[in-house]
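Right, one structure below, let's go through it.
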């Protein structure tokens with residue numbers, strides 16, 4: 029499960045995501061310098077990165093789950109179980125990749141959403157890569173650029189379907205257009221309190237603050253997280269200062285945090301929990317992260333790695349000292 033949001037502040041863009049799973053992942057900060065030779069694997073060849081990129085990677089594998097590149101393009105790859113479909117065979121004249129490589133291709137080789145849209149048309153996502161271990165995961169992508177343009181890409185028979193994303197939100201299944209339609213069920217939500225109403229000539233007043241939000245779904249299903257996040261993003265002031273915007277992203281995404289024990293899968297016997305929350309900022313090309321066992325925010329900046337020529341993994345402080 030994942031929740032991603034993005035919005036403007038007065039001098040830039042902030043973009044963040046949570047990642048939830050029923051198992052622990054060894055995640056680290058990943059830096060890939062520009063022009064990294066052979067960083068992306070297609071079914072026939074290797075391709076180089078184009079822009080320096082900073083984000084989160086897993087198990088010391090040089091592949092991103094989310095990140096920001098030096099041009100201010102930000103992105104996350106979110107689970108889409110049961111809805112992403114792939115091509116069984118390579119397509120001649122296309123760049124054939126599995127899901128993770130397609131995400132890396134777009135994040136490290138595109139400067140903005142317009143270029144993402146153009147390059148996505150060249151790609152075909154395969155069920156399997158060059159070896160039996162290389163398989164596509166059922167994911168969809170959310171891209172946002174420094175100008176605030178937003179795009180969702182979802183694999184359908186291997187073709188990446190592109191959708192404008194005016195809401196600045198992505199969660200998980202079902203497909204993005206379904207979530208957009210589902211928002212029509214929540215037209216009544218508003219920030220202003222309902223002070224009172226009349227029931228059969230009796231005046232009934234509010235119990236407390238937030239009465240305009242009655243009916244906002246509070247569970248952790250993807251549709252509910254989408255509606256909840258879309259509401260908070262849409263009511264975020266557009267003129268926040270940079271620090272306030274970063275805090276606002278963390279605060280909104282905390283509404284998707286899964287406390288230990290809140291969700292249990294009886295079939296698998298595991299508990300889903302929030303593993304980390306990552307926030308990206310185009311004002312300083314920065315990546316901020318807080319982890320499951322360490323909620324102190326850790327900060328990383330592309331500028332700090334500008335002279336580094338090799339792919340680098342940076343360990344996180346996973347535990348707090350109290």
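Residue numbers (this note's numbering): 29 to 350. For each residue, glycine too, the CB sits at the ideal point set by N, CA and C. Treat the numbers as computed from the prediction; the structure is a model and nothing was measured.
Distance, residue j Cα to residue i Cα
i	j	result
residue 321	residue 51	14 Å
residue 205	residue 158	32 Å
residue 180	residue 221	33 Å
residue 234	residue 35	32 Å
residue 141	residue 101	7 Å
residue 119	residue 103	26 Å
residue 343	residue 277	23 Å
residue 251	residue 297	24 Å
residue 211	residue 305	25 Å
residue 149	residue 130	11 Å
residue 175	residue 188	22 Å
residue 299	residue 290	8 Å
residue 246	residue 286	12 Å
Same chain only: Cβ atoms within 7 Å of residue i, ignoring 5 sequence neighbours per side
i	result
residue 273	37 and 42
residue 203	111 and 182
residue 31	45, 46, 199, 253, 257, 281 and 284
residue 264	35 and 276
residue 260	280 and 283
residue 225	232
residue 357	Only positions 29 to 350 of the chain appear in this structure, which leaves residue 357 out of reach.
residue 266	36
Own chain partners of residue i with C-beta closer than 8 Å, once the 5 adjacent residues on each side are dropped
i	result
residue 98	62, 79, 80, 81, 313 and 330
residue 145	179 and 190
residue 339	58, 59, 60, 61, 64, 67 and 90
residue 323	348
residue 219	240, 241 and 263
Assigned exposure category for residue i - 16 Cβ within 10 Å defines buried
i	result
residue 242	exposed
residue 107	buried
residue 292	exposed
residue 209	exposed
residue 196	buried
residue 236	exposed
residue 301	buried
residue 89	exposed
residue 65	exposed
residue 348	exposed
residue 126	buried
residue 10	Since the first residue of the chain shown is 29 and the last is 350, residue 10 is not available in this structure.
residue 327	exposed
residue 171	buried
residue 173	buried
residue 193	buried
residue 167	buried
residue 207	buried
residue 114	buried
residue 336	exposed
residue 238	exposed
Cβ distance (whole Å) where residue i is taken to contact residue j below 8 Å
i	j	result
residue 49	residue 303	6 Å
residue 93	residue 309	So it is not a contact: roughly 18 Å between Cβ atoms.
residue 124	residue 70	6 Å
residue 294	residue 201	Actually they do not touch by this definition, with Cβ atoms about 19 Å apart.
residue 153	residue 121	Incorrect: roughly 15 Å between the Cβ atoms, too far for contact.
residue 169	residue 105	5 Å
residue 95	residue 151	Not confirmed; about 18 Å, so no contact.
Cβ neighbours of residue i in the same chain (closer than 6 Å, five flanking residues each side left out)
i	result
residue 75	68
residue 133	68
residue 177	141
residue 156	163
8 Å Cβ cutoff, residue i in contact with chain D
i	result
residue 130	Chain labels in this structure do not include chain D; a single protein chain is all it has.
Problem set entry | Secondary structure, beta strand (DSSP E): runs of 3+ residues fully inside the region 48-73 | 55-60
For this session: Let me know the beta strand (DSSP E) ranges lying completely inside the region 100-142, each 3 residues or longer, listed in chain order.
Result: 102-107 and 123-125
Problem set entry | Length-filtered (4 minimum) alpha helix (DSSP H) runs lying within the region 163-203 | none
Problem set entry | Uninterrupted alpha helix (DSSP H) stretches inside the region 222-310 (no shorter than 4 residues) | 250-262 and 270-281
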